[in-house]
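Protein chains in written order, with the working numbering: chain P, 1 to 217; chain B, 1 to 217. C-beta atoms are modelled at their ideal positions from N, C-alpha and C, and glycine is treated no differently. Shown next, in structure tokens, is the structure this report addresses.
There are 2 protein chains.
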Amino acid sequence: MDDEAPGLPRRPRADGQRTRQLILREAVSLATVDGLEGLSIGNLAKALGISKSGLYAHFGSKQELQLATVDEAGRIFQAEVVEPALAAPAGLAQLVAVCDAFFDHLQRRTLPGGCFFAGAALEMGTRPGPVKERVAGFQGAFVGLIRQFAAAALRQQQLPAAEDPDFLAFELNGIILAADTNFVLHDDTGVLDLARQVVRRRLGVAPAQLDAGDDLR
Amino acid sequence: MDDEAPGLPRRPRADGQRTRQLILREAVSLATVDGLEGLSIGNLAKALGISKSGLYAHFGSKQELQLATVDEAGRIFQAEVVEPALAAPAGLAQLVAVCDAFFDHLQRRTLPGGCFFAGAALEMGTRPGPVKERVAGFQGAFVGLIRQFAAAALRQQQLPAAEDPDFLAFELNGIILAADTNFVLHDDTGVLDLARQVVRRRLGVAPAQLDAGDDLR
DNA sequence: GTCAATGTAGCACGACCGTTCGTGCTGCCA
DNA sequence: TGGCAGCACGAACGGTCGTGCTACATTGAC
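Listed below in structure tokens is the structure:
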């Protein structure tokens with residue numbers, strides 16, 4: 001992931017890495033609003049209160065900044081969506097949990113422009129290069145995770161035997177994308193409630209208590 | 001749709017309207033690659049072999065160009081997706097037809113960057129203004145159309161009575177978005193075959209003959 | 001405590017952005 | 001057929017883009 005050319009012994013200082021981390025957090029946020037390509041060095045530096053060249057010292061080029069931003073977005077997604085799902089019991093519950101974690105992730109508004117990867121996938125899909133490949137890698141890994149959950153649920157006979165893990169993963173990924181698109185477009189949390197119900201109805205589990213015990217407002 | 005400020009009696013010439021049409025077609029194509037915001041006057045003019053100012057005579061501002069581009073994309077979508085679906089018999093067949101028409105639309109590669117509205121919705125969702133509103137209008141109308149088809153199929157008892165038109169429209173819209181995202185990202189027509197199967201399995205109709213009689217290559 | 005490495009700033013560059021201007025050319029209607 | 005509005009052009013505006021360069025401040029290791 002964070003490979004470095006071994007010929008250049010770059011030994012970053014402690015505060016430098018802290019600044020780099022702050023830059024990347026802000027970069028992920030801005031990228032969900034302006035896009036990964038529309039993310040500009042000047043805007044990013046202004047939002048952080050540092051100079052363009054000060055920022056530029058951390059990343060040799062805009063493409064390196066984009067790659068590091070994708071990785072940072074992956075870390076956030078891992079912490080906010082994947083890990084909560086992995087904490088759920090394997091099988092059908094995990095399948096529901098990963099969708100709910102995604103909807104919670106949106107509702108929490110960690111990122112101002114919705115899901116980073118949904119936007120980045122459509123934006124970079126038409127721009128071949130290492131950035132697109134990295135985005136595609138994360139997206140493919142996530143769909144693979146859902147398929148893995150679905151296969152486990154099938155093995156535990158918590159789903160009809162006629163179900164197909166690939167089909168199911170495709171559908172659930174679609175529900176997730178539809179939720180993100182409609183949420184971003186209409187800024188209405190009711191979309192997320194609808195999505196939660198759709199997931200449960202599709203998987204044949206009992207509807208959740210949407211108003212009990214969640215402090216997501 | 002094509003409203004004009006009534007204070008200025010603009011009486012366009014025939015060749016002017018033809019040029020304007022050529023500009024908009026190219027604008028829609030470029031926008032699916034560079035995004036609606038990344039679409040630049042200079043690039044568009046260069047692609048058309050005309051000057052920036054010559055192009056600018058047709059649209060007073062970039063926003064007007066964007067609005068007209070969204071409308072043109074809507075016309076293309078209407079002709080390529082909606083009208084073929086409307087030609088199918090009402091009910092379940094229409095529900096399948098609208099999805100198939102969308103997948104065909106992608107496979108035909110009318111636009112180089114996949115579905116215009118899928119990209120525009122995610123891109124403009126974070127940018128309030130008239131352009132976002134117009135995109136949201138088209139997107140909402142399309143989901144409404146799917147729901148209408150679903151309701152008709154339910155009325156004709158071609159679907160289980162437990163199905164809900166809103167839920168179904170949400171799911172099918174999701175399948176469509178997943179198909180577009182994966183197709184754009186991986187440039188693999190196999191994704192579209194998978195999507196066609198997913199739709200049929202979900203709706204409980206017989207699998208299509210994917211290789212018989214379609215000249216889509 | 002010294003010193004080299006690292007972090008940040010300021011400045012400037014060429015290119016491109018959206019936009020405006022002045023100026024011809026030309027299809028259309030009176 | 002004359003006149004005029006629509007069309008297209010080249011040039012230029014102020015800004016911002018990504019990207020370099022140099023200079024100074026800060027830091028960590030010896």
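Does I41 of chain B have its Cβ less than 8 Å from a Cβ in chain P?
Chain P contact via Cβ: absent.
Does A153 of chain B pass the burial test, meaning 16 or more other C-beta atoms within 10 Å, or should it be called exposed?
Flag for A153 of chain B reads buried.
Looking at chain P, is there any beta carbon in it that lies within less than 8 Å of the beta carbon of R201 of chain B?
At least one chain P Cβ lies under 8 Å of R201 of chain B.
How is D104 of chain B classed by DSSP in three states: helix, strand or coil?
Secondary structure of D104 of chain B (DSSP, three-state): helix.
Selection of the segment 12–42 of chain B by Cβ proximity to chain P, strictly under 9 Å:
For the segment 12–42 of chain B, the set of residues with a beta-carbon nearer than 9 Å to any beta-carbon of chain P comprises T32, V33, D34, G35, E37 and G38, in chain order.
With a CB to CB cut of under 8 Å and the five nearest residues on each side skipped, what residues in its chain are close to P207 of chain P?
Cβ within range, chain order: Q197, R200 and R201.
Contained beta strand (DSSP E) runs [length at least 3] in the segment 150–208 of chain P, N- to C-terminal order:
Runs of the beta strand (DSSP E) lying entirely within the segment 150–208 of chain P, each at least 3 residues long, are absent.
Taking only beta-carbon atoms, is F167 of chain B less than 8 Å away from chain P?
Interface criterion met: the Cβ of F167 of chain B is under 8 Å from a Cβ in chain P.
Taking the CB atoms as reference points, tell me whether F183 of chain B and L122 of chain B lie closer together than 8 Å.
The answer is no: Cβ separation not under 8 Å.
For M1 of chain B, decide whether its Cβ has a neighbour in chain P, counting only Cβ atoms nearer than 8 Å.
Here M1 of chain B scores only 40 on pLDDT, less than 50, and its place in the model is too uncertain to base an answer on.
Here's the rule I'm using: 16 or more other beta-carbon atoms within 10 Å means buried, otherwise exposed. How should K132 of chain P be labelled?
Result: buried.
When burial is assigned at 16 or more other CB atoms within 10 Å of the CB, is G113 of chain P buried or exposed?
It counts as buried.
Closer than 8 Å, CB to CB, is T69 of chain B near chain P or not?
T69 of chain B has a beta carbon lying at 8 Å or more from every beta carbon in chain P.
Anticipated Cβ contact below 8 Å, I23 of chain B with L55 of chain B, distance rounded
The C-beta distance from I23 of chain B to L55 of chain B rounds to 6 Å, short enough to fall under 8 Å.
Residues near M1 of chain P by beta carbon distance below 8 Å, same chain, minus five either side
The predicted position of M1 of chain P is uncertain, since its pLDDT is 37 and thus under 50; a value taken from the coordinates is nonetheless stated next. These residues qualify, in order along the chain: D71.
Ordered along the chain, which non-local residues of its own chain (more than five positions away) have a Cβ less than 8 Å from that of D15 of chain P?
Here the set comprises nothing.
Work out the CA separation of A120 of chain P and P165 of chain P for me, nearest whole Å.
Near 25 Å, if we compare the C-alpha coordinates of A120 of chain P and P165 of chain P.
Whose Cβ in chain P lies nearer than 8 Å to the Cβ of H105 of chain B?
Those do not exist, as H105 of chain B stays about 16 Å from chain P at its closest Cβ, beyond 8 Å.
Among P:A141, P:L172, P:G91 and P:D104, which one has its Cα closest to the Cα of Q158 of chain P?
The candidate whose alpha carbon is nearest that of Q158 of chain P is P:G91.
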